[in-house]
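Chemist: Attaching a single structure in structure tokens format; questions to follow.
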Amino acid sequence: MRGVLVVHAGAGTWRNVDEEIIRKVLSDALKRGADVLESGGSALDAVVEATISLEDSGVLNAGLGSVPDLTGKVSMDAGVMDGWSSRAGAVAAVTYPKNPVLLARKVLELTDHVLLAGSAADELAARLGLPKHPGPSERVRKRYEEVLKKASSGDAVFRKSFELAKKLGYLDTVGAVALDREGKLAAAVSTGGVILKFPGRVGDSAIPGAGFFANKHGAAVATGIGETIMMSMLSLKVVNLISEGYLADTAARLAIQYHTSAHGRDTAGLIVLDYRGNAYGAYNTQAMPWGYVKIGGGEPVISGFKKS
207 MRGVLVVHAG
217 AGTWRNVDEE
227 IIRKVLSDAL
237 KRGADVLESG
247 GSALDAVVEA
257 TISLEDSGVL
267 NAGLGSVPDL
277 TGKVSMDAGV
287 MDGWSSRAGA
297 VAAVTYPKNP
307 VLLARKVLEL
317 TDHVLLAGSA
327 ADELAARLGL
337 PKHPGPSERV
347 RKRYEEVLKK
357 ASSGDAVFRK
367 SFELAKKLGY
377 LDTVGAVALD
387 REGKLAAAVS
397 TGGVILKFPG
407 RVGDSAIPGA
417 GFFANKHGAA
427 VATGIGETIM
437 MSMLSLKVVN
447 LISEGYLADT
457 AARLAIQYHT
467 SAHGRDTAGL
477 IVLDYRGNAY
487 GAYNTQAMPW
497 GYVKIGGGEP
507 VISGFKKS
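All letters in the sequence shown, in the order written, are residues 207 to 514 by this note's numbering.
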């Protein structure tokens, strides 16, 4: 096995989306991460590089494309996990870094902690000299204003934020999982959270076992309504199924089936990779664009778009 990389662009309705643009974003991320694996890099290196590519695309809800909260400001969550060492690093409610996944990796590598949040995490990003987020782009700002018009004023907006997010399809967290040539697995995730979220809200992407998880048997990244994913510990659940002997596809379907029974449809999706190199994407939303590439095994495979 020379390596496998899997990426996703988020679960949601994906209506009125240029499929070719999303395919290119996924292809670019797969190429960037695959180049790392091809050159002998680790699974952790590969998932971070692939996620940076997704964050920098500006068209997904992560990094430069992060959607605003109720006040119009951007705050982001991200996490990484090395399945071989069982160590994780994560950041929550950060506003400074252009690439929150980079800061999450710094938490893993430079500190004894798992999760840093808010202004203190932002200060660490600044001290480390990480690139600064420029703030919401014009495209994102316009998107925010359009959505705000669809909601009521006051605290009623917050109560409707998940309803709006599900209806409009704005659940597109991004993530990656990888297996390297040494058989080590890793996971990475990044998000701008739910549009119109209450300031200070933290979702599943900062929580190991919820939004991401990896061990020596499997790796997974979740996407969807973070509150439901945290309550079901979705990524841990699917990796535990792999550890019990299930292949990635069966484990993913079982985990999503459980999640749907507990929290309803249009709530979650998963990308999953097992130690044998089997990759799978499962979701209970209308779509979840995702793709994988096997190093030395041909062209990338991309699927999960909404069926017409």
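Cβ atoms here follow ideal geometry from the backbone N, Cα and C, with glycine treated the same way.
Hey, quick one: how far does the beta strand (DSSP E) through GLY424 stretch, first residue to last?
Modeler: 424–430
Chemist: How would you write the range of the alpha helix (DSSP H) that LYS500 sits in, first residue to last?
Modeler: From DSSP, LYS500 is part of no alpha helix (DSSP H) but of the beta strand (DSSP E) over 496–500.
Chemist: If you pair each beta-carbon of the stretch 262–277 with each one of the stretch 246–253, do three or more pairs fall below 8 Å?
Modeler: no
Chemist: Considering only C-alpha positions, which residue in the set GLU505, ASP262, VAL444, VAL400 is nearest to ALA217?
Modeler: Distances from the alpha-carbon of ALA217 to those of GLU505, ASP262, VAL444, VAL400 put VAL400 closest.
Chemist: Within 10 angstroms of its Cβ, does ASP262 collect 16 or more other Cβ (buried), or is it exposed?
Modeler: Classification for ASP262: buried.
Chemist: Under 6 Å Cβ to Cβ from ALA384, same chain only, skipping five residues before and after it: list those, please.
Modeler: LEU211, ALA249, ALA252, VAL253, ALA392
Chemist: Go to SER396, then tell me how far its beta strand (DSSP E) extends in each direction, as first and last residue.
Modeler: 391–397
Chemist: Considering only the beta carbon of each residue, do GLY424 and VAL478 sit closer than 8 Å?
Modeler: yes
Chemist: Given a threshold of 16 other Cβ atoms within 10 Å of its Cβ, counted over all protein chains shown, does ILE508 qualify as buried or as exposed?
Modeler: With 16 or more Cβ atoms within 10 Å of its Cβ, ILE508 is classed as buried.
Chemist: Since TRP496 and VAL213 should fall inside the 8 Å C-beta cutoff, what is the C-beta to C-beta distance between them, to a whole number of angstroms?
Modeler: The pair is a contact, with the Cβ atoms about 7 Å apart (cut-off 8 Å).
Chemist: Applying the criterion that 16 or more other CB atoms from any shown protein chain within 10 Å of the CB defines a buried residue, is PRO274 buried or exposed?
Modeler: buried
Chemist: Give the straight-line distance between the Cα atoms of VAL380 and ALA428, rounded to the nearest whole angstrom.
Modeler: VAL380 and ALA428 have their C-alpha atoms spaced approximately 9 Å apart.
Chemist: DSSP on LEU453, reduced to helix/strand/coil?
Modeler: coil
Chemist: Excluding the 5 residues flanking PRO414 on each side, which residues of the same chain have their C-beta closer than 7 Å to its C-beta?
Modeler: GLY285, MET287, ALA294, ALA296, VAL320
Chemist: Considering just the uninterrupted stretch of the alpha helix (DSSP H) at ARG345, what are its terminal residues?
Modeler: 344–355
Chemist: Which one or two residues does DSSP pair with GLY218 in a beta bridge?
Modeler: ALA493
Chemist: Closer than 7 Å to a non-hydrogen atom of the ligand SAM - does that hold for the CB of SER325?
Modeler: The ligand SAM is absent from the structure shown, which contains no ligand whatsoever.
Chemist: Which value, in whole angstroms, describes the spacing of the CA atoms of GLY504 and VAL223?
Modeler: Taking the straight line joining both Cα atoms gives about 27 Å.
Chemist: In the DSSP output, which residue or residues are listed as bridge partners for ILE508?
Modeler: GLY497
Chemist: Bridge partners of LEU476, per DSSP?
Modeler: DSSP, once it has assigned bridges, lists ALA428, ALA488 as partnering LEU476.
Chemist: Smallest Cα separation from GLU351: which of GLY239, ARG471, LYS279?
Modeler: LYS279
Chemist: Which complete alpha helix (DSSP H) runs does the stretch 228–290 hold, if anything under 4 residues is left out?
Modeler: 249–262
Chemist: Compute the distance between the beta-carbons of GLY209 and ASP386, then report whether it is under 8 Å.
Modeler: Inclusion of GLY209 and ASP386 in the CB contact set at 8 Å is warranted, their separation being smaller than that value.
Chemist: Is it true that the CB of LEU260 sits closer than 8 Å to the CB of ALA299?
Modeler: No. Outside cutoff.
Chemist: Does the distance from the C-beta atom of GLY389 to that of TYR486 stay below 8 Å?
Modeler: no
Chemist: So, is ALA488 buried or exposed, given that buried needs 16 or more other C-beta atoms within 10 angstroms?
Modeler: buried
Chemist: Near ARG459, which residues of its chain fall below 6 Å by C-beta distance, leaving aside the five closest residues on each side in sequence?
Modeler: ALA488
Chemist: Taking the alpha-carbon positions, what's the TYR302 to LYS513 distance?
Modeler: 38 Å
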